[in-house]
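So the sequence lines, in the order shown, correspond to chains B and V.
No gaps in the numbering here: position 175 of the first sequence is 174 in numbering that gives the first Met the number 0, and each next residue is one more.
No gaps in the numbering here: position 14 of the second sequence is 13 in numbering that gives the first Met the number 0, and each next residue is one more.
We put the CB at the ideal spot given by N, CA and C, even for glycine.
2 protein chains.
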Amino acid sequence: MSVMPQKVGYRDIKQEVFRRIRNNEWPPGTLLPGEVELAAEFGCARATVNRAMQELSDDGIIDRKRKGGSRVNLTPVRQVTFEIPLVRSEVEAKGAVYKYELLYNKSDIAPLWLQNQLSLPVHSHVQHIKCIHFADDKPYQYEDRWINQKVVPLASEFDFLKVSPNEWLISEVPYTNAEVRFSATSAEKPVADALGVGVGEPVFKAERITWLSGEPVTFVRLYFARGYEMIASY
Amino acid sequence: MSVMPQKVGYRDIKQEVFRRIRNNEWPPGTLLPGEVELAAEFGCARATVNRAMQELSDDGIIDRKRKGGSRVNLTPVRQVTFEIPLVRSEVEAKGAVYKYELLYNKSDIAPLWLQNQLSLPVHSHVQHIKCIHFADDKPYQYEDRWINQKVVPLASEFDFLKVSPNEWLISEVPYTNAEVRFSATSAEKPVADALGVGVGEPVFKAERITWLSGEPVTFVRLYFARGYEMIASY
DNA sequence: ACAAATTTTATGTCTAGACATAATATCATT
DNA sequence: AATGATATTATGTCTAGACATAAAATTTGT
Numbered sequence: 000m001s002v003m004p005q006k007v008g009y010r011d012i013k014q015e016v017f018r019r020i021r022n023n024e025w026p027p028g029t030l031l032p033g034e035v036e037l038a039a040e041f042g043c044a045r046a047t048v049n050r051a052m053q054e055l056s057d058d059g060i061i062d063r064k065r066k067g068g069s070r071v072n073l074t075p076v077r078q079v080t081f082e083i084p085l086v087r088s089e090v091e092a093k094g095a096v097y098k099y100e101l102l103y104n105k106s107d108i109a110p111l112w113l114q115n116q117l118s119l120p121v122h123s124h125v126q127h128i129k130c131i132h133f134a135d136d137k138p139y140q141y142e143d144r145w146i147n148q149k150v151v152p153l154a155s156e157f158d159f160l161k162v163s164p165n166e167w168l169i170s171e172v173p174y175t176n177a178e179v180r181f182s183a184t185s186a187e188k189p190v191a192d193a194l195g196v197g198v199g200e201p202v203f204k205a206e207r208i209t210w211l212s213g214e215p216v217t218f219v220r221l222y223f224a225r226g227y228e229m230i231a232s233y
Numbered sequence: 000m001s002v003m004p005q006k007v008g009y010r011d012i013k014q015e016v017f018r019r020i021r022n023n024e025w026p027p028g029t030l031l032p033g034e035v036e037l038a039a040e041f042g043c044a045r046a047t048v049n050r051a052m053q054e055l056s057d058d059g060i061i062d063r064k065r066k067g068g069s070r071v072n073l074t075p076v077r078q079v080t081f082e083i084p085l086v087r088s089e090v091e092a093k094g095a096v097y098k099y100e101l102l103y104n105k106s107d108i109a110p111l112w113l114q115n116q117l118s119l120p121v122h123s124h125v126q127h128i129k130c131i132h133f134a135d136d137k138p139y140q141y142e143d144r145w146i147n148q149k150v151v152p153l154a155s156e157f158d159f160l161k162v163s164p165n166e167w168l169i170s171e172v173p174y175t176n177a178e179v180r181f182s183a184t185s186a187e188k189p190v191a192d193a194l195g196v197g198v199g200e201p202v203f204k205a206e207r208i209t210w211l212s213g214e215p216v217t218f219v220r221l222y223f224a225r226g227y228e229m230i231a232s233y
């Protein structure tokens, strides 16, 4: 038997159970002892064990079923989480000075491809904005965005000279849902010019569609400068 | 006052609090009522409110501090989570037939750059493996991997002709930590040949370093075929 | 042997109350 | 005014016990 700390918290239990799993004392597929049993072993209440196991389940380490008990996941679900910061914060976090420049700002009727992307009705009004974000006066990100005026009518009036649509939208329509697609693409002329790279050079691209309770809010294409890396740990 | 369900669960509270935040009843920065107060309003125990608020905090919606109370996050921390599937699963999920081919497999001394990447001692032995993953006989992903033989000595003996290092490592060394870096790069000759694209074409690249309780396990560079997109929702 | 009804069981969730802890606010001292 | 000690407070965590619920295991009916 192992020596237990004076007071066993859910973190201790979580850690110890995880340790046994990692050390193959409880290999993948193993049916773990029930909560009551573990509570007895660790000398604590079942609720404490419950919290530990719940978190292990959230982390994708174990799989729990009512009555079925908890078992070690056969294929641990590894997942990365990326934070999606404001461009400004991202730039400033690197210790660089952030600057923003508006390139284009016009109200328009949604082109066909955008209609499809956002499931918009025909003749929908959208605000089309192009701008560029700098880090220490070097181009950092080129942004090509469409905003659905039906959901955000103020977009047509707002002056995007000082504040980027990125930041304005977050203050205007927070707590949205979104889908992001990351890919590598070769720089077309406008993108290449804006980012100061050669036409055809590889560029890291992100496309994002944003909804507010089912209604499409905005579609944006982001092109990152040469050497950009998206980093995450898990 | 609103009509409450007969039994108020933590989900109800979480949902209701979130609703008020989204509807700007509690705009960003607002100091929320304390747990005791909310418990009184919802007619439940403080622990129930606690669980709801804890989850809102985990979700990055609110910010909690002891004694300071809970307040609505000024800039909601949006985060995407990507699942990291096995290449095989990824390919098969697209309804394609998976195939794997080993290109190179040699034991070697870690080159300097790898020493640095993995913080390895000099003259470390590593297994260097190159292989390619197909979807419906079309190149899908080119893999260039180094495995630390100190942590995974069996790597030098294992026959990677049938089973990819990807799958073998997961069964051999599960529950690792990792850092991933995604970027766009232009295809060098070997990559271009393997993926069947032109030299210099943009390629989506992922680099991953994996540790097992502090010890570096493997470094891998993954190059994806033209048109690859990494998709996530949040 | 098969299907339907019943029991059993492990997890899911809630409660009321308690003590812990970090951070702020307040008060006393130099 | 700056410093240090002390009280206050909101969240963090735990407990013991309870009832809920999904799903497996068993019994019953045909």
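Quiz item: If we call anything under 8 Å between Cβ atoms a contact, is Y141/V one with A193/V?
Solution: Position 142 of the second sequence, counted from the first residue, corresponds to residue 141/V. Position 194 of the second sequence, counted from the first residue, corresponds to residue 193/V. Yes, the pair counts as a contact, with Cβ atoms nearer than the cut-off.
Quiz item: Is there a Cβ from chain V that is less than 8 Å from the Cβ of I61/B?
Solution: Counted from its first residue, the first sequence places residue 61/B at position 62. With 8 Å as the cut-off, I61/B does not count as an interface residue toward chain V.
Practice problem: With a threshold of 16 other CB atoms inside 10 Å of the CB of Y103/V, please say whether the residue is buried or exposed. | Solution: Counting from one through the second sequence, the residue named residue 103/V turns up at place 104. Exposed.
Quiz item: Alpha carbon to alpha carbon, how far is P138/V from G33/V?
Solution: What you label residue 138/V is simply residue 139 of the second sequence in a count that begins at 1. What you label residue 33/V is simply residue 34 of the second sequence in a count that begins at 1. If you take the alpha carbons of P138/V and G33/V, they lie about 57 Å apart.
Practice problem: Tell me, please, whether the region 91-106 of chain B touches the region 105-116 of chain V by the rule of three or more beta-carbon pairs shorter than 8 Å. | Solution: Verdict: no, contact absent.
Quiz item: Going along the chain, which residues of its own chain have a beta-carbon closer than 8 Å to the beta-carbon of A38/V, five neighbours each way excluded?
Solution: Position 39 of the second sequence, counted from the start, is the residue given in the question as residue 38/V. Answer for A38/V: A44, R45, T47, V48, listed in chain order.
Quiz item: With distances taken from CA atoms, which of E91/B, V90/B, Q78/B is nearest L85/V?
Solution: For the purposes of this step, residue 85/V is taken as the residue at position 86 of the second sequence. Distances from the alpha-carbon of L85/V to those of E91/B, V90/B, Q78/B put Q78/B closest.
Exercise. Return no unless some Cβ of chain B is closer than 8 Å to the Cβ of S118/V.
Key: Your numbering for residue 118/V matches position 119 in the second sequence. Answer no: the Cβ-Cβ gap between S118/V and chain B never drops below 8 Å.
Self-check item: Buried or exposed (CB count within 10 angstroms, at least 16 for buried), S163/V
Solution: The residue given as residue 163/V occupies position 164 in the second sequence. Around the C-beta of S163/V, 16 or more other C-beta atoms lie within 10 Å, and the residue is accordingly described as buried.
Quiz item: Can you tell me whether DSSP reads E214/V as helix, strand or coil?
Solution: Counting from one through the second sequence, the residue named residue 214/V turns up at place 215. Here E214/V sits in strand by DSSP.
Practice problem: Taking only runs that begin and end inside the region 147-175 of chain V, name each unbroken alpha helix (DSSP H) of 4 or more residues, in chain order. | Solution: Runs of the alpha helix (DSSP H) inside the region 147-175 of chain V: 164-171.
Quiz prompt | Short-range partners of chain B found in the region 198-213 of chain V, where Cβ spacing is below 9 Å | solution = Residues of the region 198-213 of chain V with a C-beta atom less than 9 Å from some C-beta of chain B are G199, E200, P201, V202, F203, K204, E206, L211, S212, listed in chain order.
Quiz item: Name the chain B residues whose beta carbon is nearer than 9 Å to that of I230/V?
Solution: Position 231 of the second sequence holds residue 230/V. Chain B residues near I230/V: E178, V179, R180, F181.
Quiz item: Three or more beta-carbon pairs under 8 Å between the region 181-197 of chain V and the region 152-172 of chain V, yes or no?
Solution: Short answer: they don't touch.
Self-check item: Residue interval of the beta strand (DSSP E) (run including I12/B)
Solution: For the purposes of this step, residue 12/B is taken as the residue at position 13 of the first sequence. Unbroken run through I12/B is the alpha helix (DSSP H), 9-21; no beta strand (DSSP E).
Practice problem: Answer yes or no: does any C-beta atom of chain B fall closer than 8 Å to that of S1/V? | Solution: For the purposes of this step, residue 1/V is identified with residue 2 of the second sequence, where counting begins at 1. Low local confidence applies: a pLDDT of 45 at S1/V is under 50, so the model's placement there is unreliable, and no value is given.
Quiz item: Under a CB-based cut-off of 8 Å, is I83/V close to chain B?
Solution: As a position in the second sequence, residue 83/V is number 84, starting the count at 1. The beta carbon of I83/V sits closer than 8 Å to some beta carbon of chain B.
Quiz item: Going by other Cβ atoms of all chains shown within 10 Å of its Cβ, with 16 needed for buried, is V216/V buried or exposed?
Solution: Locating residue 216/V in the second sequence gives position 217, counting from the first residue. Classification for V216/V: buried.
Self-check item: Top-ranked residue by Cα proximity to T209/V, from I146/V, P152/V, K188/V
Solution: The residue you call residue 209/V lines up with position 210 of the second sequence. Closest by alpha carbon: I146/V.
Quiz item: Just the Cα atoms here: how many angstroms apart are L127/B and V76/V?
Solution: Working through the first sequence from its first residue, we reach residue 127/B at position 128. Working through the second sequence from its first residue, we reach residue 76/V at position 77. A quick correction: the sequence has His, not Leu, at residue 127/B. Here the C-alpha atom of H127/B lies approximately 26 Å from the C-alpha atom of V76/V.
Practice problem: Taking only beta-carbon positions, decide if Q78/V is within less than 8 Å of chain B. | Solution: As a working note, residue 78/V is residue 79 in the second sequence. It does: the Cβ of Q78/V has a partner Cβ on chain B nearer than 8 Å.
Quiz item: Hey, quick one: how far does the beta strand (DSSP E) through R70/V stretch, first residue to last?
Solution: Here residue 70/V refers to the residue found at position 71 when the second sequence is read from its first residue. Counting along the chain, the unbroken beta strand (DSSP E) around R70/V starts and ends at 68-71.
Quiz item: For the alpha helix (DSSP H) that contains S77/B, what are its first and last residues?
Solution: Here residue 77/B refers to the residue found at position 78 of the first sequence. Just to set this straight, residue 77/B is Arg in the shown sequence, not Ser. Segment: none, R77/B is in no alpha helix (DSSP H) and carries neither H nor E.
Quiz item: Does Y139/V come within less than 8 Å of chain B when only Cβ atoms are used?
Solution: For the purposes of this step, residue 139/V is identified with residue 140 of the second sequence, where counting begins at 1. No, its Cβ sits nowhere closer than 8 Å to a Cβ of chain B.
Self-check item: Buried versus exposed, by CB contacts within 10 Å (16 or more), P152/B
Solution: Within the first sequence, residue 152/B is the residue found at index 153, counting from 1. The residue is exposed, with fewer than 16 neighbouring Cβ atoms inside 10 Å.
Quiz item: From what residue to what residue does the beta strand (DSSP E) around V125/B run?
Solution: The residue labelled residue 125/B in the question sits at position 126 within the first sequence. 124-134 is the span of the beta strand (DSSP E), which, as asked, contains V125/B.
Quiz item: If we cut at 8 Å on Cβ distances, does S123/V have a partner in chain B?
Solution: For the purposes of this step, residue 123/V is taken as the residue at position 124 of the second sequence. No, S123/V lies away from the interface with chain B (no Cβ there is under 8 Å from its Cβ).
Quiz item: According to DSSP, what are the bridge partners of M229/V?
Solution: Taking the second sequence and counting its residues from 1, the one referred to as residue 229/V is at position 230. Paired residue(s): F181/B.
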